[in-house]
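Trainee: This is the structure, below, for whatever I ask next.
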Ligand SMILES: [Zn+2]
Ligand SMILES: [Zn+2]
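Protein chains in written order, with full-length UniProt numbering: chain A, 1 to 201; chain B, 1 to 201.
So, in structure tokens, the structure goes:
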């Protein structure tokens, strides 16, 4: 123990954040207690409120506290083009890369039979209902370029095979085995433009 | 706006933490909402409680929710040796370097007449009362090796000149113009061992 149980507990609590080791956690705790008590209070209240209130968009399943997210509400997006991603972070990376003007569907994961993650857990019934409305013409299967991401893309293309929708996958440019979330905007943007037809065979 | 007002607000709130830019703040918000809602709740509650309850040790002014901090309560430290630091983070860096077995006094800043920070704001009356008890024989003035830190060290040595206490300052090894908090443990430890006598002239 360095100062007191509560100060130690605060240093420990920050380690729940991604990329935060013991040194950084200590610095964060000191910073809030020494220089940012008001900002710290606001941070705590915002985390609390967001965790209580933020759920999934009823249409695309991205994160939102409203029934529909900002992108689903927007009239300026192409309803015929849908991009399926594993996470809101992937969606954010694609949005920041710019150039994609369609809509999204967020799986919150990928198929993983070993972990008991089946089609329902990643919203595939909801996705099928969306496609069954007959407006979507192309689905960009932008799952991660990993074994699980590829398998999930294949599963979706097979499941939705009878709806007359074109499938595509991001072009080369996305590094194999990587995570979309960490790909730079330029690479992502080029990969989008060069997206390839995709079939379930 | 990316997802919804509340998700945006959460991404923004993390920027109060040191070294957290927009990208990292986004990643933290996504991570808590997607994978760590329980840990996020604990983090929020701990920040809230720590900011409400953590104050200053009545003896050494370091951070603690108790009357006395863990180090002041410890019977295994040398009462004759006192190390004066600008911040609890500096104290922590020295503790982690190891080798110093005395006690501490935390200023929470340095003298800065331009900003209206005078002797009382950094606890110098309390420090003098501590020294007046007659137990302390040496004071290590471990303020930062900056212009303000040097000026504060000189002020303290002058103020306490009549108590027959020896003053010292950390040895060379601490880079000039730097901040103690970011100095590596080995350098800090060597600087402690080679500390020099210090006078107010
Ligand atoms: Zn939506
Ligand atoms: Zn203390």
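Every residue, glycine too, gets a C-beta built ideally from N, C-alpha and C.
What you are looking at is a predicted structure, and each value in this text was computed from that prediction instead of being measured.
Does any residue of chain A have a CB that is nearer than 7 Å to the CB of residue 84 of chain B?
Mentor: No, because no Cβ of chain A sits closer than 7 Å to the Cβ of residue 84 of chain B.
Trainee: Excluding the five sequence neighbours on either side, which residues of its own chain have a C-beta within less than 6 Å of the C-beta of residue 10 of chain B, listed in chain order?
Mentor: Once the five neighbours on either side are set aside, the close Cβ partners of residue 10 of chain B are 29.
Trainee: Can you pull every residue whose C-beta falls closer than 6 Å to some heavy atom of ligand 1, listed in chain order?
Mentor: Going by the Cβ distance cut-off, the answer is A/57, A/59, A/60, A/62, A/68, A/69, A/71, A/72.
Trainee: Hey, residue 101 of chain A and residue 85 of chain A are a contact pair by Cβ (cut 8 Å); roughly how many whole angstroms apart?
Mentor: The pair is not a contact, with the Cβ atoms about 15 Å apart (cut-off 8 Å).
Trainee: I'd like to know whether the C-beta of residue 69 of chain B is nearer than 7 Å to at least one C-beta of chain A.
Mentor: It does; some Cβ of chain A falls within 7 Å.
Trainee: I'd like to check one pair, residue 42 of chain A with residue 13 of chain B: are the Cβ atoms closer than 7 Å?
Mentor: Contact: yes.
Trainee: Compare the C-beta of residue 244 of chain A with all C-beta atoms of chain B and state if any pair is closer than 7 Å.
Mentor: Residue 244 of chain A lies beyond the residue range present for chain A, which begins at 1 and ends at 201; the question has no answer from this structure.
Trainee: Thinking C-beta only, is residue 111 of chain A closer than 7 Å to residue 152 of chain A?
Mentor: A contact, by the Cβ cut-off of 7 Å.
Trainee: Expressed to the nearest angstrom, what Euclidean distance is found between the alpha-carbon atoms of residue 89 of chain B and residue 37 of chain B?
Mentor: Looking at the two C-alpha atoms, the distance is approximately 29 Å.
Trainee: Does the distance from the C-beta atom of residue 4 of chain B to that of residue 65 of chain A stay below 7 Å?
Mentor: For residue 4 of chain B and residue 65 of chain A, yes; Cβs fall inside 7 Å.
Trainee: Quick one: grab the DSSP three-state call for residue 65 of chain B.
Mentor: Three-state DSSP puts residue 65 of chain B in coil, outside helix and strand.
Trainee: Can you have a look at residue 123 of chain B and say buried or exposed, based on whether 16 or more other CB atoms are within 10 angstroms of its CB?
Mentor: With 16 or more other Cβ atoms within 10 Å, it is buried.
Trainee: What residues in the segment 37-66 of chain B have a beta carbon less than 7 Å from any beta carbon of chain A?
Mentor: Result list: 37, 39, 40, 41, 42, 43, 44, 46, 47, 48, 49, 50, 51, 53, 54, 62, 63, 64, 65, 66.
Trainee: Could you confirm whether any beta carbon from chain A is found closer than 7 Å to the beta carbon of residue 89 of chain B?
Mentor: For residue 89 of chain B, the answer is yes, since a Cβ of chain A falls inside 7 Å of its Cβ.
Trainee: So, at 7 Å on beta carbons, what are the nonlocal neighbours of residue 68 of chain A in its own chain, with the 5 sequence-adjacent residues on each side left out?
Mentor: Result list for residue 68 of chain A: 57, 58, 59, in chain order.
Trainee: Among B/126, B/138, B/48, which has the Cα closest to the Cα of residue 81 of chain B?
Mentor: Nearest of B/126, B/138, B/48 to residue 81 of chain B, Cα basis: B/138.
Trainee: List, in chain order, every chain B residue whose beta-carbon is nearer than 7 Å to that of residue 137 of chain A.
Mentor: In chain order: nothing, as chain B lies at least about 25 Å away.
Trainee: Which stretch, first to last residue, makes up the beta strand (DSSP E) that contains residue 166 of chain A?
Mentor: 166-169 is the extent of the beta strand (DSSP E) around residue 166 of chain A.
Trainee: Rounded to whole angstroms, what's the CA-CA distance from residue 15 of chain B to residue 7 of chain B? Just pull it up for me.
Mentor: Using only the alpha carbons, I get a separation of about 13 Å.
Trainee: Determine whether the Cβ of residue 18 of chain B lies closer than 7 Å to any Cβ atom of chain A.
Mentor: Yes, because at least one Cβ of chain A sits closer than 7 Å to the Cβ of residue 18 of chain B.
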